[in-house]
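S.K.: Before I ask anything, let me first share the structure, which is written out below as structure tokens.
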Amino acid sequence: MSALPRVVLVDDHGLFRAGVRAELDGLVDIAGDAGAVGEAIELIVEAEPDVVLLDVQMPDGGGAEVIRGVAPRRPAVRFLALSVSDAPEDVISIIRAGARGYVTKTISGPELADAVHRVASGDAVFSPRLAGFVLDAFAGQEGAAPSVTDPELDQLTAREREVLRHIARGYMYKEIALRLGISAKTVEAHVSAVLRKLQLSNRHELSRWAVQRGWVE
Amino acid sequence: MVTVPETRATPLRRSRSGAVLGGVCAGLGPRMGVDPLLLRVGFVIASVAGGIGIGLYVVCWALIPADPDAAAAEGRFGRVLGRRESWQVAAGIVLLMLAALLLFRAWGIWVGDAVVWPLVLASGGGALIWRQSQGAEIVATPPEQRATPGGGAGRTRRFRLARPSLGIVALGAALVVGAALVFLWLNGALVTPNRDVTLAVFVVVAALALILAPWWLRLGRGLTEERAERIRTQERAEMAAHLHDSVLQTLALMQKRAGDPREVAALARRQERELRAWLNAGPRREPGASLAAALEASVAEIEDAHGVPVEVVAVGDRPLDEHAQALVAATREAVLNAVKFAPDAAISVYAEMQGARAEVFVRDRGPGFDLDAVPADRRGLRESVLGRMERHGGSAAIHTRPGEGTEVELVIGG
Chain A
530 MSALPRVVLV DDHGLFRAGV RAELDGLVDI AGDAGAVGEA IELIVEAEPD
580 VVLLDVQMPD GGGAEVIRGV APRRPAVRFL ALSVSDAPED VISIIRAGAR
630 GYVTKTISGP ELADAVHRVA SGDAVFSPRL AGFVLDAFAG QEGAAPSVTD
680 PELDQLTARE REVLRHIARG YMYKEIALRL GISAKTVEAH VSAVLRKLQL
730 SNRHELSRWA VQRGWVE
Chain B
49 MVTVPETRAT PLRRSRSGAV LGGVCAGLGP RMGVDPLLLR VGFVIASVAG
99 GIGIGLYVVC WALIPADPDA AAAEGRFGRV LGRRESWQVA AGIVLLMLAA
149 LLLFRAWGIW VGDAVVWPLV LASGGGALIW RQSQGAEIVA TPPEQRATPG
199 GGAGRTRRFR LARPSLGIVA LGAALVVGAA LVFLWLNGAL VTPNRDVTLA
249 VFVVVAALAL ILAPWWLRLG RGLTEERAER IRTQERAEMA AHLHDSVLQT
299 LALMQKRAGD PREVAALARR QERELRAWLN AGPRREPGAS LAAALEASVA
349 EIEDAHGVPV EVVAVGDRPL DEHAQALVAA TREAVLNAVK FAPDAAISVY
399 AEMQGARAEV FVRDRGPGFD LDAVPADRRG LRESVLGRME RHGGSAAIHT
449 RPGEGTEVEL VIGG
């Protein structure tokens with residue numbers, strides 16, 4: 530049996546941290562938890578976990594600030610955003626800050642553990658809602674000539690769209706692979722490619738969300 | 049969908065943090081969209097050429113209220129100026145006035161003793177009064193006090209009005225009145241009553257204006273601040289009322305129904321939806337006009353009625369025309385069916401709308417069934433969903449197998 534992924538839990542609600550700890554008990558190896566941005570950065574740098582479960586909305590800059598604080602010092606640590614917020618600007622901005630996925634807090638324990646394992650092995654995790662946001666952000670340009678500088682980054686391929694649509698419809702990766710007649714690894718590759726585009730693209734909507742987030746603070 | 053947040057119009061304030069002298073330029077600059085340095089150069093040039101710059105600056109300094117949030121930081125010279133006692137400032141202004149008058153005399157522009165000495169006296173008195181009112185304002189509105197919830201604006205204001213030292217103000221007023229009397233006496237208006245009544249009236253009005261202007265100005269400012277405070281209080285009250293009506297009521301209900309997990313989940317779900325809708329308030333899509341909003345509203349109704357969570361993800365949107373209404377009705381039917389046959393499984397609705405084409409997928413992870421094995425007389429779903437979609441030029445398909453859940457696919461306009 531392979532070793533369980535080491536996880537650090539960051540959320541400003543102690544009750545929620547305790548709940549997640551109980552749900553993930555035995556499914557992952559919880560190395561510690563933190564309730565504030567500064568505390569979290571120190572803990573993660575010291576503990577060097579495989580995956581950080583990260584709340585999006587916290588005082589002092591939220592999850593994005595934790596990623597910014599840790600990434601230069603511990604580039605191998607991967608982040609999975611876990612949030613009650615389903616506002617597009619929150620979700621998109623944490624992904625653009627560097628999180629490898631986003632799931633809502635209503636997710637069940639086993640599903641969350643599965644998502645952690647996937648992130649630990651280098652894959653991206655999209656919830657149906659996130660898939661919907663991404664489709665929305667990249668929508669309305671099929672056939673239109675891309676006027677932007679990097680068309681490759683600013684458009685989704687037909688296959689990627691198809692995969693995202695299935696995720697939005699509530700299908701698991703394995704089921705998607707089965708339906709599209711491709712391997713589960715290929716599905717993962719498509720999702721990772723979408724994640725990369727999401728983080729690097731200059732598309733208008735994405736930038737606007739990110740900028741707006743800065744104004745709102 | 050995403051709107052650009054409006055930049056809040058900030059009231060014109062003398063900036064203390066960026067101040068060199070009194071913060072007038074630092075306050076005006078950003079408001080006018082000009083570099084404060086340009087304004088400063090302008091003021092200096094206007095001061096050197098004819099002296100109007102000084103007057104203008106003093107007027108601005110008196111009229112524009114100081115930025116209260118940065119009261120601690122003063123200008124490099126203002127820091128020194130701000131700490132001075134009122135009488136010191138008044139003395140300084142009297143000396144400056146004298147210097148200016150002497151300068152004028154040196155240039156040969158001497159207006160005569162009858163004007164000069166009363167002017168010096170009046171400026172000293174005026175400075176005392178103005179200084180007192182300015183100082184009092186700063187003392188009475190510390191940030192902590194403004195932030196106290198429930199602290200009435202009225203109380204703050206009374207505190208501020210009572211604060212100026214009466215002695216100094218009285219001295220200032222006496223100086224101004226004295227200046228007026230001296231002026232009238234020197235011009236002979238007191239000796240011969242029939243000589244010049246208009247001059248006397250004019251002098252009295254000018255003296256009164258000088259004495260009362262600070263209070264009048266401050267009253268005006270106070271009213272503006274009071275209005276802003278009232279708006280803030282109102283917003284707070286509205287928010288409290290909303291939380292009370294919705295969240296607290298729901299929490300009370302949930303405590304009562306603690307024995308029924310399904311009911312509790314349904315209550316929590318409904319409250320969550322309401323709160324989200326309230327938090328994301330702004331350009332809300334009206335259920336009567338938008339397909340996405342109509343779908344969400346329709347699914348929310350089912351959630352409430354059956355206490356089963358249904359996740360809705362919508363991409364794009366389109367107007368709610370006749371065909372779209374048929375799509376909403378068919379979706380509703382499909383979700384109800386899923387709720388009936390798979391109440392404990394996750395149910396999700398995904399809608400994608402682009403141009404005239406709209407697709408909806410209703411999926412549950414329930415037991416599924418064998419489509420061919422459904423008896424002909426029990427095809428409610430098939431009739432109501434398939435028939436409805438076909439009548440509106442759309443199509444419907446059901447994908448299911450025992451053990452694999454069910455997915456209903458609805459398409460119009462494509």
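In the order they appear, the protein sequences are chains A and B. Under this note's numbering, the letters of the first sequence match residues 530 to 746, in that order. Under this note's numbering, the letters of the second sequence match residues 49 to 462, in that order. Glycine is no exception: its CB is placed at the ideal position from the N, C-alpha and C atoms.
At what residues does the alpha helix (DSSP H) containing L659(A) begin and finish?
M.R.: The count along the first sequence starts at 1 and reaches residue 659(A) at position 130. Residues P657 to A666.
S.K.: Taking Cβ positions only, does E400(B) come closer than 8 angstroms to chain A?
M.R.: Along the second sequence, one-based indexing puts residue 400(B) at 352. With 8 angstroms as the cut-off, E400(B) counts as an interface residue toward chain A.
S.K.: According to DSSP, is D683(A) helix, strand or coil?
M.R.: Start at 1 with the first residue of the first sequence, and residue 683(A) comes out as number 154. Looking at D683(A) - three-state DSSP - the assignment turns out to be helix.
S.K.: For a test of the three-state rule: what should DSSP assign to Y702(A), helix, strand or coil?
M.R.: Position 173 of the first sequence holds residue 702(A). Residue state, collapsed to three classes: helix.
S.K.: Going by other Cβ atoms of all chains shown within 10 Å of its Cβ, with 16 needed for buried, is E344(B) buried or exposed?
M.R.: Translated into the one-based positions of the second sequence, residue 344(B) becomes position 296. That one is buried.
S.K.: Would you check if the distance between the CB atom of R179(B) and the CB atom of A228(B) is smaller than 8 angstroms?
M.R.: If you number the second sequence from 1, residue 179(B) lands on position 131. If you number the second sequence from 1, residue 228(B) lands on position 180. Result no, Cβ atoms of R179(B) and A228(B) do not sit closer than 8 angstroms.
S.K.: Could you spell out where the alpha helix (DSSP H) holding I112(B) opens and where it closes?
M.R.: In the second sequence, residue 112(B) corresponds to position 64, counting from 1. Taken as a continuous stretch (DSSP letters only), I112(B) belongs to no alpha helix (DSSP H), as it is neither H nor E.
S.K.: If you measure between the beta carbons of M437(B) and L339(B), is that distance less than 8 angstroms?
M.R.: For the purposes of this step, residue 437(B) is taken as residue 389 along the second sequence, with counting starting at 1. For the purposes of this step, residue 339(B) is taken as residue 291 along the second sequence, with counting starting at 1. No; because the gap between Cβ atoms is not below 8 angstroms, this pair is not in contact.
S.K.: Nearest to S637(A) by alpha carbon, out of I596(A), R550(A), R725(A) and Q728(A)?
M.R.: For the purposes of this step, residue 637(A) is identified with residue 108 of the first sequence, where counting begins at 1. The shortest C-alpha separation from S637(A) is found at R550(A).
S.K.: Would you mind working out which of E322(B), G442(B) and C108(B) sits nearest H290(B), comparing C-alpha positions?
M.R.: For the purposes of this step, residue 290(B) is taken as residue 242 along the second sequence, with counting starting at 1. Here the closest residue by C-alpha is E322(B).
S.K.: Cβ of T633(A) within 8 angstroms of Cβ of S650(A)?
M.R.: Residue 633(A) sits at position 104 when you count from the first residue of the first sequence. Residue 650(A) sits at position 121 when you count from the first residue of the first sequence. Their beta carbons are not under 8 angstroms apart, which means T633(A) does not touch S650(A) by this criterion.
S.K.: Going by the DSSP bridge assignment, what does S396(B) pair with across the sheet?
M.R.: Along the second sequence, read from residue 1 onward, the residue named residue 396(B) stands at position 348. Beta-bridge pairing links S396(B) to E359(B) and R411(B).
S.K.: So what's T715(A) in DSSP terms, helix, strand or just coil?
M.R.: Taking the first residue of the first sequence as position 1, residue 715(A) is located at position 186. In the structure shown, T715(A) sits in a helix (DSSP, three-state: H, G or I).
S.K.: According to DSSP, which residues form a beta bridge with Q402(B)?
M.R.: As a first step, residue 402(B) must be located in the second sequence, where it is residue number 354. Answer by DSSP bridge pairing, in chain order: R405(B).
S.K.: Is DSSP giving S346(B) helix, strand or coil here?
M.R.: Against the second sequence, residue 346(B) aligns to sequence position 298. Helix, per DSSP.
S.K.: Name the chain A residues that come within less than 9 angstroms of S338(B), Cβ to Cβ?
M.R.: Counting from 1 along the second sequence, the entry for residue 338(B) is found at position 290. Ordered by position in chain A, no residue passes the 9 angstroms Cβ test against S338(B), which lies about 14 angstroms from the chain.
S.K.: Here's the rule: buried if 16 or more other CB atoms are within 10 angstroms of the residue's CB, otherwise exposed. What is A120(B)?
M.R.: Start at 1 with the first residue of the second sequence, and residue 120(B) comes out as number 72. Only weak support is given to the placement of A120(B): the predicted model assigns it a pLDDT of 44, under 50, and the value that follows is read from those uncertain coordinates. Answer is exposed; the Cβ neighbour count stays below 16.
S.K.: Is it true that the stretch 594 to 603 of chain A meets the stretch 682 to 694 of chain A, where meeting means three or more beta-carbon pairs spaced less than 8 angstroms apart?
M.R.: Taking 8 angstroms as the limit for Cβ pairs, the verdict is that the stretch 682 to 694 of chain A does not touch the stretch 594 to 603 of chain A.
S.K.: In whole angstroms, what is the alpha-carbon distance linking G17(B) and V356(B)?
M.R.: Because chain B in this structure spans residues 49 to 462, residue 17(B) falls outside the shown range and cannot be described.
S.K.: So for A147(B), helix, strand or coil by DSSP?
M.R.: What you label residue 147(B) is simply residue 99 of the second sequence in a count that begins at 1. A147(B): helix per DSSP, three-state reduction.
S.K.: Just checking: is the beta-carbon of D541(A) within a distance shorter than 8 angstroms of some beta-carbon in chain B?
M.R.: Taking the first sequence and counting its residues from 1, the one referred to as residue 541(A) is at position 12. For D541(A), the answer is no, since every Cβ of chain B falls outside 8 angstroms of its Cβ.
S.K.: Is there a Cβ from chain E that is less than 8 angstroms from the Cβ of A325(B)?
M.R.: Absence of chain E from the displayed structure is noted, the protein chains being A and B.
S.K.: In chain order, what residues of the stretch 401 to 415 of chain B put their CB closer than 7 angstroms to some CB of chain A?
M.R.: Listed in sequence order: Q402, F409 and R411.
S.K.: How long is the line joining the alpha carbons of E704(A) and L641(A), rounded to whole angstroms?
M.R.: Working through the first sequence from its first residue, we reach residue 704(A) at position 175. Working through the first sequence from its first residue, we reach residue 641(A) at position 112. Roughly 18 angstroms between the two C-alpha positions.
S.K.: Would you say A394(B) faces chain A, with C-beta separation under 8 angstroms as the test?
M.R.: Numbered from its first residue, the second sequence carries residue 394(B) at position 346. Chain A, which has a Cβ nearer than 8 angstroms to the Cβ of A394(B), makes this yes.
S.K.: Taking C-beta to C-beta, are V536(A) and V580(A) nearer than 8 angstroms?
M.R.: In the first sequence, counting from the first residue as 1, residue 536(A) sits at position 7. In the first sequence, counting from the first residue as 1, residue 580(A) sits at position 51. Yes; because the gap between Cβ atoms is below 8 angstroms, this pair is in contact.
S.K.: Measure from the alpha carbon of V96(B) to the alpha carbon of each residue in V383(B), G77(B), A148(B) and V72(B), then state which is nearest.
M.R.: Taking the first residue of the second sequence as position 1, residue 96(B) is located at position 48. Closest option to V96(B), Cα to Cα, is A148(B).
S.K.: Going by DSSP, which residues form a beta bridge with F608(A)?
M.R.: Here residue 608(A) refers to the residue found at position 79 when the first sequence is read from its first residue. F608(A) is bridged to V581(A).
S.K.: Return the chain-ordered list of same chain residues with a C-beta closer than 6 angstroms to the C-beta of V295(B), the five sequence neighbours on each side being excluded.
M.R.: As a position in the second sequence, residue 295(B) is number 247, starting the count at 1. If we look at V295(B) and ignore the five residues flanking it on each side, it has no Cβ neighbours.
S.K.: Report the three-state DSSP secondary structure of P534(A) (helix, strand or coil).
M.R.: Working through the first sequence from its first residue, we reach residue 534(A) at position 5. Here P534(A) sits in coil by DSSP.
S.K.: Can you list, in chain order, the residues of its chain with a C-beta nearer than 7 angstroms to that of V754(A)? Leave out the 5 residues immediately preceding and following it.
M.R.: Look at the range of chain A in this structure, 530 to 746, and you will see that residue 754(A) is not part of it.
S.K.: Count the other CB atoms within 10 Å of the CB of V645(A); is the residue buried (16 or more) or exposed (fewer)?
M.R.: To locate residue 645(A), count along the first sequence from 1; it is residue 116. With 16 or more Cβ atoms within 10 Å of its Cβ, V645(A) is classed as buried.
S.K.: Residue range of the beta strand (DSSP E) that E457(B) falls in?
M.R.: Working through the second sequence from its first residue, we reach residue 457(B) at position 409. Looking at the DSSP string, the run of the beta strand (DSSP E) that includes E457(B) is T454 to I460.
S.K.: Evaluate E349(B) with the Cβ neighbour count: other Cβ atoms within 10 Å of its Cβ, from every protein chain shown; 16 or more gives buried, anything less gives exposed.
M.R.: Here residue 349(B) corresponds to residue number 301 of the second sequence, with the count starting at 1. E349(B) comes out exposed.
S.K.: Once the 5 residues before and after Y647(A) are set aside, which same chain residues still bring their CB inside 6 angstroms of it?
M.R.: Mapped onto the first sequence, residue 647(A) falls at position 118. For the sequence presented, residue 647(A) should be read as Arg rather than Tyr. Here the set comprises V654.
S.K.: Give every residue of the same chain whose Cβ lies closer than 7 angstroms to the Cβ of A175(B), excluding the five residues on either side of it in the sequence, and list them in chain order.
M.R.: The residue labelled residue 175(B) in the question sits at position 127 within the second sequence. Around A175(B): V137, A138 and I141.
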